[in-house]
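Chains as they are written, first to last, in my numbering: chain A, 1 to 498; chain B, 499 to 996.
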């Protein structure tokens with residue numbers, strides 16, 4: 001493959017240094033060298049904190065380059081870096097507690113009812129060397145130092161990061177910051193390695209390497225399914241944690257429109273167009289009640305005329321977007337409303353499609369995720385909502401906009417079976433990084449029931465190991481009698497620090 | 499497919515009623531009808547306790563039939579039923595705590611450092627209808643009411659059980675006991691359904707049914723891989739939790755032999771021949787030190803002559819056993835020692851193979867699991883142990899027999915990467931059912947990093963769901979402000995019952 005350069009979506013022009021595609025031999029050498037030393041939670045937490053400090057220190061370099069490579073506004077990039085640094089520190093705090101080791105101790109019991117029980121102790125241990133494939137749409141928060149990389153580091157793994165070719169210089173700057181954090185911690189640089197390129201073969205070389213023990217991925221369904229297929233066909237299959245996006249349906253009740261139509265429409269449009277509609281949690285389907293459809297839609301047309309949408313991240317997204325809206329516009333009985341663009345370069349017109357649910361449901365393309373400033377508005381009787389929800393595929397999120405007293409419990413029950421996160425009177429974009437966050441729903445929105453955002457993401461990259469009858473000096477620290485790490489542990493079924 | 503009947507391994511004769519193979523239509527109807535009502539942890543725990551009571555009450559019927567169908571001694575079957583009943587009650591106790599719901603609450607925080615945080619609450623919810631494929635080798639503990647079925651019930655799922663054709667009447671008796679427990683709880687019988695047959699197509703029909711959300715399996719690598727393949731190719735892929743067995747290597751140090759050769763050999767042989775060598779945790783490879791090999795082997799030959807081994811479970815296992823030992827006996831420089839048989843019917847001679855590691859390692863067949871009374875003893879320098887351990891595939895268990903002061907820490911580190919459970923100075927057979935148990939190792943011993951034994955098995959059949967900004971009355975009980983279930987919850991990162 002040829003070398004490549006970054007493209008500025010505002011101008012469509014290449015800029016910055018030439019980036020060479022990694023060869024098969026280089027990929028292999030990088031993975032062979034990857035290495036994470038066994039270490040205490042405290043040391044791993046301090047590594048993460050040092051990475052956070054280095055990322056923050058590199059803010060003045062990172063922000064302008066990430067802006068140029070993504071076409072996203074400065075405020076968004078600054079906010080995303082803040083989120084990224086926060087996330088690293090949150091994982092550091094989680095690791096420092098040692099809670100992720102989940103130590104369990106069952107002491108020997110000669111009178112155990114099923115037969116004498118030996119001393120058994122279990123803790124979570126890191127999987128080894130994890131491959132992470134960066135996403136294009138969040139050049140910081142889901143990229144080089146994004147949730148997948150940082151949760152794998154938090155788990156105690158080594159990370160081999162496949163940089164996204166859509167923001168190669170940002171990736172280098174973030175990689176340098178990570179390396180500086182590793183160095184400040186006095187740890188080996190091979191804890192975190194980066195593979196560069198836009199050659200699709202690189203994906204195969206990384207996923208097929210015998211030393212890789214798990215894959216973290218955020219991106220398209222096509223690549224996610226390719227990774228799952230590669231992983232399943234390996235001599236030693238490995239887990240793939242792929243977050244592949246969804247249409248994030250939003251169900252709107254008539255009382256919600258009656259009560260707050262203007263705010264509702266504003267929130268809906270802003271969420272659908274956030275980041276030029278390139279969020280994996282973008283609401284790609286609104287279901288609105290026939291009785292109040294005109295109210296909602298006239299307000300939407302009015303609001304859409306007042307705002308404008310910036311450029312897309314890269315030419316590939318723009319091409320897929322144009323193909324999708326051309327197809328959708330051809331559907332029978334579909335009304336199209338368009339908005340305005342801002343800026344120059346890779347810009348496309350926001351385009352919303354409106355039709356009865358009977359039309360939408362007859363066209364699978366209308367129920368697929370389309371990156372870019374588009375969404376589908378389906379008009380239906382409220383009595384149909386549960387049936388509509390039942391017919392949908394698995395989702396990252398599902399939302400209800402209603403008001404107190406709306407009889408939505410049955411609809412909510414259906415949506416909780418479809419989605420990883422269900423939302424009331426808010427919009428799905430904006431995924432907070434917390435312990436209770438679930439970002440990962442049912443197939444095809446993701447490949448597993450795990451979460452890729454929030455502190456539970458760490459468990460994807462750990463495996464439990466039990467020690468039976470082991471002398472204290474051979475046990476990991478988390479399981480020693482003296483509890484040298486001072487952890488809360490489950491001892492004979494009781495949580496204790498003793 | 500034709501009907502079939504149970505075979506008594508002691509006589510080789512068919513007995514009992516004719517069992518009809520389920521047709522595709524019958525399998526589909528059973529799965530369509532499967533249904534688990536949403537219910538409180540207390541209700542689900544009481545269902546499990548009623549099943550335990552019914553199983554215990556059916557002991558007089560179950561034990562003689564299970565004996566006839568398995569050829570296993572009464573004491574073993576009685577003990578296995580005790581284990582099975584204990585396991586159901588242990589899961590009931592776990593479910594009653596509600597701990598498996600793992601409720602996490604992050605309250606809204608306008609000043610959250612990464613940006614205002616909404617109220618987010620997460621709990622685990624059951625996957626739906628789980629298919630469980632029963633194992634042959636434990637007609638009770640890993641069969642109809644075995645760990646997979648009971649952990650799926652504990653998770654709140656409905657179970658569709660594919661009965662093992664090796665013990666059809668035992669399966670029916672256990673199924674009847676489960677139904678009686680369900681009835682005593684006033685719950686729908688469709689919580690637990692059974693599919694009978696020995697037609698391999700049934701496996702496909704069950705695994706491919708769209709309503710099945712996960713698969714639990716204990717058995718051969720061949721069938722486990724088939725299930726993984728079927729599950730991956732579905733329109734909606736589902737997780738397969740397959741426990742496929744391993745050779746469970748045991749490394750013996752010279753000091754262990756010096757200190758306790760007689761007890762060591764007795765324990766080794768007893769473990770290898772337990773249940774006629776048909777345990778998934780059977781030690782199928784002993785690695786012994788060259789310096790003390792003669793001592794160990796002469797004791798082994800002596801002890802083997804004093805014991806005798808009962809019949810195998812079925813003709814299929816006997817055929818595969820005979821093929822395996824014929825192949826192994828042909829290897830160059832391999833010494834064979836044989837033991838005695840007891841009983842009549844499907845009996846085979848215990849056959850141990852002894853050779854230098856260089857010979858063993860050159861023959862992949864010697865490092866595969868072989869059901870039946872056989873094991874492989876490899877002679878090596880102790881300095882080779884780490885390299886030998888590194889060369890092995892993933893294992894359910896790995897064991898070291900040593901003495902205080904043996905420098906085994908590096909060997910243990912390698913083994914903890916290879917196996918789900920590492921054992922010191924004991925033998926791998928006998929898997930206690932506890933919170934800290936890990937039964938499930940690395941590929942190819944199992945398809946995931948989860949455990950199929952112990953209370954953590956429940957998490958295989960649950961998925962996390964987050965609720966954002968949800969009014970209290972729409973939240974699941976575990977997440978309501980008032981904590982009506984009285985659970986310990988993680989609230990803003992702190993464990994509390996408030």
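Even for Gly, the Cβ is constructed at its ideal location relative to N, Cα and C.
For residue i, report the span of its beta strand (DSSP E) as first-last.
i: residue 225 of chain A; result: Here residue 225 of chain A belongs to no beta strand (DSSP E); instead the alpha helix (DSSP H) covers 221-233.
i: residue 122 of chain A; result: 120-126
i: residue 894 of chain B; result: 893-899
i: residue 18 of chain A; result: 13-19
i: residue 243 of chain A; result: 240-243
i: residue 580 of chain A; result: This structure gives no information on residue 580 of chain A, because the portion of chain A shown stretches from 1 to 498.
Measure the CB-CB distance between residue i and residue j and report whether it falls below 8 Å.
i: residue 848 of chain B; j: residue 841 of chain B; result: no
i: residue 432 of chain A; j: residue 619 of chain B; result: no
i: residue 642 of chain B; j: residue 661 of chain B; result: yes
i: residue 725 of chain B; j: residue 740 of chain B; result: yes
i: residue 887 of chain B; j: residue 855 of chain B; result: no
i: residue 395 of chain A; j: residue 445 of chain A; result: yes
i: residue 171 of chain A; j: residue 134 of chain A; result: yes
i: residue 34 of chain A; j: residue 160 of chain A; result: yes
Assuming residue i is part of the alpha helix (DSSP H), what are its boundary residues?
i: residue 836 of chain B; result: Element bounds for residue 836 of chain B: not the alpha helix (DSSP H) but the beta strand (DSSP E), 833-836.
i: residue 204 of chain A; result: 201-208
i: residue 24 of chain A; result: 24-33
i: residue 316 of chain A; result: 315-329
i: residue 958 of chain B; result: Looking at the DSSP string, residue 958 of chain B is not in any alpha helix (DSSP H), and its letter there is neither H nor E.
i: residue 916 of chain B; result: 907-916
i: residue 385 of chain A; result: 385-391
Give me whichever residues DSSP pairs with residue i in a beta bridge.
i: residue 666 of chain B; result: According to DSSP, residue 666 of chain B bridges with nothing at all.
i: residue 468 of chain A; result: A:120 and B:921
i: residue 282 of chain A; result: BP columns for residue 282 of chain A are empty, so no partner.
i: residue 710 of chain B; result: B:627
i: residue 353 of chain A; result: A:336 and A:376
i: residue 91 of chain A; result: Answer is none; residue 91 of chain A lacks a bridge partner.
i: residue 692 of chain B; result: B:659
i: residue 542 of chain B; result: Paired residues: none, contrary to the question.
i: residue 289 of chain A; result: A:380
i: residue 490 of chain A; result: A:104 and A:495
i: residue 217 of chain A; result: A:133 and A:242
i: residue 341 of chain A; result: A:309
i: residue 446 of chain A; result: A:243
Would you identify the three-state DSSP class for residue i, choosing helix, strand or coil?
i: residue 300 of chain A; result: helix
i: residue 100 of chain A; result: helix
i: residue 659 of chain B; result: strand
i: residue 604 of chain B; result: strand
i: residue 265 of chain A; result: helix
i: residue 806 of chain B; result: strand
i: residue 647 of chain B; result: helix
i: residue 250 of chain A; result: strand
i: residue 70 of chain A; result: helix
i: residue 435 of chain A; result: coil
i: residue 755 of chain B; result: helix
i: residue 556 of chain B; result: coil
i: residue 687 of chain B; result: helix
Would the beta-carbon of residue i be found less than 7 Å away from any heavy atom of the ligand PLP?
i: residue 504 of chain B; result: Inclusion of the ligand PLP in the displayed structure is not the case, the ligand content being empty and no account of it being possible.
Could you list the residues in the segment 602-615 of chain B with a C-beta less than 8 Å from some C-beta on chain A, going in chain order?
602, 603, 604, 610, 611, 612, 613 and 615
Just by C-beta distance, which residues in the segment 921-940 of chain B are closer than 7 Å to chain A?
921, 922, 923, 924, 930, 931, 932, 933, 934, 935 and 936
Going along the chain, which residues of the segment 960-972 of chain B sit with their C-beta nearer than 7 Å to a C-beta in chain A?
961, 962, 963, 964, 965, 966, 967, 968, 969 and 972
With 9 Å as the limit, tell me which residues of the segment 532-544 of chain B have their beta carbon closer than that to any beta carbon of chain A; keep them in chain order.
536
Give, in chain order, every residue of the segment 72-86 of chain A whose Cβ lies closer than 8 Å to some Cβ of chain B.
79, 82, 83 and 86
Residues from the segment 902-921 of chain B in contact with chain A, defined by Cβ distance under 9 Å:
902, 906, 907, 910, 911, 914, 915, 917, 918, 919, 920 and 921
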